[in-house]
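K.L.:
Letter by letter, the sequence shown follows residues 10 to 387 in this note's numbering.
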Amino acid sequence: MHFESRTSTLKEILDALSNRNFNMIGVYGMGGIGKTTLVKEVGRQAKEYNLFEKVISAHVSRTPQIKEIQREIAEKIGLELAEQSHETVRAGRLLERLKKDTKILIILDDIWGSLALEAIGIPLADDIGGCKVLLTARSHDVLSSKMDCQKNIFVDVLNAKEAWSLFEKMTGDCIENGELKSVATEIVKECAGLPIAILPVAKALKNKSSLYVWKDALRQLKNKSLLGAAYSSLELSYYHLEDEDLGGEELRKTFLLIGYSYIRNVKDLLYHGMGLGLFQNINTVDEARDRAHTLVDKLKNSCLLLGGWRSEWFSMHDVVRDEEREKENEKSAKVNEKEKDAKDWESKLMKTIQANLLCGILNKASSSFYVLRVRWHW
Ligand SMILES: Nc1ncnc2c1ncn2[C@@H]1O[C@H](COP(=O)(O)OP(=O)(O)OP(=O)(O)O)[C@@H](O)[C@H]1O
Ligand SMILES: [Mg+2]
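Structural data, given as structure tokens:
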């Protein structure tokens with residue numbers, strides 16, 4: 010949705026990108042505020058208004074995969090990079106090629122620490138050629154100290170009017186009812202202008218006409234920190250999955266599986282889901298693939314998963330895992346103990362054991378969103 014506050018930030022970014030003095034520009038703001046959404050729109054407009062001939066985007070994340078970033082860039086400029094070549098060889102080929110191009114914008118989304126652009130193969134623009142780079146991060150410090158951006162632009166929360174319009178658009182006509190409206194106003198206030206808090210709660214309450222459901226939701230959101238509100242709003246959405254036409258249980262298990270095992274694309278969900286017997290009434294791989302796509306779409310529609318830069322990719326907002334992690338210890342103790350033991354096993358055997366464990370956990374915890382606070386690597 011277009012908002013006044015976002016339009017002015019978007020214009021500020023486009024102005025900075027047009028400025029000859031800047032070749033590295035940063036966009037920062039708290040998690041779930043809308044940075045990725047905003048820079049996607051920047052990329053679209055930059056192309057539309059011919060500020061750049063090509064706009065390339067790559068997701069960096071907390072654990073940057075240099076080869077993956079190189080692959081995304083190479084694909085967009087039609088350069089073939091041998092998969093088996095070393096990163097530095099691939100970087101050399103990218104550098105050589107990108108230096109010849111003049112008007113390329115590279116968007117590197119979600120930076121968490123210093124990232125050597127040369128090691129990826131990104132040449133910064135000078136008078137002869139090269140790229141301009143737009144980075145997003147949650148922290149100003151990462152952009153200014155670690156990445157040396159020349160200009161950093163802040164993305165703020167939505168103002169009260171904008172937050173209300175977003176909520177209203179998602180919930181539809183049902184909030185016109187006088188009593189619901191006053192509870193809805195309170196709910197939006199609790200979400201404090203954070204889209205990642207507003208959207209899931211709005212989707213969860215859409216078409217619910219009982220006042221008590223709304224009041225209950227408000228109670229759950231009250232007295233939470235901003236991140237707490239985002240967490241609670243996702244939690245609410247999770248429990249309301251029951252009402253989906255496709256089995257809510259299957260959706261919830263899928264969500265938990267994605268959370269536990271850090272699945273980020275449909276292919277991996279298919280692989281793990283089939284192994285764990287997650288998909289119900291499925292006979293062939295093709296049927297399972299269709300189901301995996303459908304489940305991901307449903308979770309995206311409920312705002313429990315965020316869309317990635319490519320349609321097959323998705324991510325889970327890390328509010329789900331990070332929030333109030335200290336409270337999780339009691340519940341996670343058993344899981345952590347098993348994880349620690351499992352580390353001694355050969356990796357193949359370990360995977361089997363953990364898959365079984367996971368299966369057991371999913372069965373036991375299928376309705377417990379809380380357990381996702383457990384950070385459990387496998
Ligand atoms: N202007 C907007 N209109 C409608 N929805 C929005 C808007 N901005 C953000 N959202 C929604 O809010 C959610 C979070 O947005 P986004 O992923 O862009 O945040 P982010 O700042 O990139 O978060 P993170 O730091 O976790 O990467 C998404 O579901 C997105 O679709
Ligand atoms: Mg983002």
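Built from N, CA and C at the ideal position, the CB exists for glycine as well.
Note that this is a predicted model, so its numbers are computed, not measured.
1. Applying the criterion that 16 or more other CB atoms from any shown protein chain within 10 Å of the CB defines a buried residue, is A342 buried or exposed?
2. Considering N161, what are the terminal residues of the beta strand (DSSP E) in which it resides?
3. Only counting the same chain, and skipping five residues up and downstream in sequence, which positions put a Cβ closer than 7 Å to that of A55?
4. What are the residues that DSSP puts in a beta bridge with L315?
5. Can you tell me whether F163 is buried or exposed? The criterion is at least 16 other CB atoms within 10 Å of its CB, across all chains shown.
6. Using only the alpha-carbon positions, how far apart do K212 and K178 sit?
7. Using the rule of at least 16 other Cβ atoms within 10 Å of the residue's Cβ for burial, across every protein chain shown, is R53 buried or exposed?
8. Roughly how many angstroms lie between the CA atoms of K20 and E127, to the nearest whole one?
9. How many angstroms separate the CA atom of L203 from the CA atom of H281?
10. Any idea if H11 is buried or exposed, counting beta-carbon neighbours within 10 angstroms, 16 or more meaning buried?
11. If you count every other CB in all the chains shown that lies within 10 Å of the CB of L220, and 16 or more means buried, which is it?
12. Measure the CB-CB distance between D45 and D119 and report whether it falls below 9 Å.
13. Using a 10 Å radius around the Cβ and a threshold of 16 neighbouring Cβ atoms, would you call N310 buried or exposed?
14. Going by the CB atoms, is the gap between K160 and N59 shorter than 9 Å?
15. Would you kindly report the start and end of the unbroken beta strand (DSSP E) that includes G35?
16. Find the nearest neighbour of G317 within the set G43, Y247, H68, judged by alpha-carbon distance.
17. DSSP has C3 in a bridge; who is on the other side?
P.N.:
Based on what the coordinates show:
1. Residue numbering aside, residue 342 sits at position 333 when the sequence shown is read from its first letter. Model confidence at A342 stands at a pLDDT of 47, short of 50, so the residue's coordinates are unreliable; what they give is reported in the following sentence. With fewer than 16 other beta carbons inside 10 angstroms of its own, A342 counts as exposed.
2. Along the sequence shown, one-based indexing puts residue 161 at 152. Start and end: 160 to 163.
3. For the purposes of this step, residue 55 is taken as the residue at position 46 of the sequence shown. The residues are L23, L26, F61, V64, L114.
4. The sequence position of residue 315 within the sequence shown is 306, counting from 1. Answer is S324, bridged to L315.
5. Along the sequence shown, read from residue 1 onward, the residue named residue 163 stands at position 154. Label assigned to F163: exposed.
6. For the purposes of this step, residue 212 is taken as residue 203 along the sequence shown, with counting starting at 1. For the purposes of this step, residue 178 is taken as residue 169 along the sequence shown, with counting starting at 1. In this model, K212 and K178 are separated by some 10 Å (Cα to Cα).
7. As a first step, residue 53 must be located in the sequence shown, where it is residue number 44. Burial check for R53: the Cβ neighbour count within 10 Å stays below 16, so the residue is exposed.
8. Counting from one through the sequence shown, the residue named residue 20 turns up at place 11. Counting from one through the sequence shown, the residue named residue 127 turns up at place 118. The C-alpha of K20 lies about 29 Å from the C-alpha of E127.
9. Residue 203 sits at position 194 when you count from the first residue of the sequence shown. Residue 281 sits at position 272 when you count from the first residue of the sequence shown. Near 33 Å, if we compare the C-alpha coordinates of H281 and L203.
10. For the purposes of this step, residue 11 is identified with residue 2 of the sequence shown, where counting begins at 1. Classification of H11: exposed, given that the 10 Å Cβ count is below 16.
11. By one-based count along the sequence shown, residue 220 stands at place 211. Counting the other Cβ atoms within 10 Å of the Cβ of L220 gives fewer than 16, which makes it exposed.
12. Position 36 of the sequence shown holds residue 45. Position 110 of the sequence shown holds residue 119. As written in the sequence, residue 45 is Thr, which differs from the Asp given in the question. Here T45 is near D119, since their CB atoms are less than 9 Å apart.
13. By one-based count along the sequence shown, residue 310 stands at place 301. With fewer than 16 other Cβ atoms inside 10 Å of its own Cβ, N310 counts as exposed.
14. Taking the sequence shown and counting its residues from 1, one reaches residue 59 at position 50. Taking the sequence shown and counting its residues from 1, one reaches residue 160 at position 151. Cβ atoms of N59 and K160: not closer than 9 Å.
15. For the purposes of this step, residue 35 is identified with residue 26 of the sequence shown, where counting begins at 1. Where G35 is concerned, the enclosing beta strand (DSSP E) stretches over 33 to 37.
16. Sequence index remark: in the sequence shown, residue 317 carries index 308 (1-based). Comparing Cα-Cα distances from G317 to each of G43, Y247, H68, the minimum goes to H68.
17. This structure leaves residue 3 out entirely; the chain is present only between 10 and 387.
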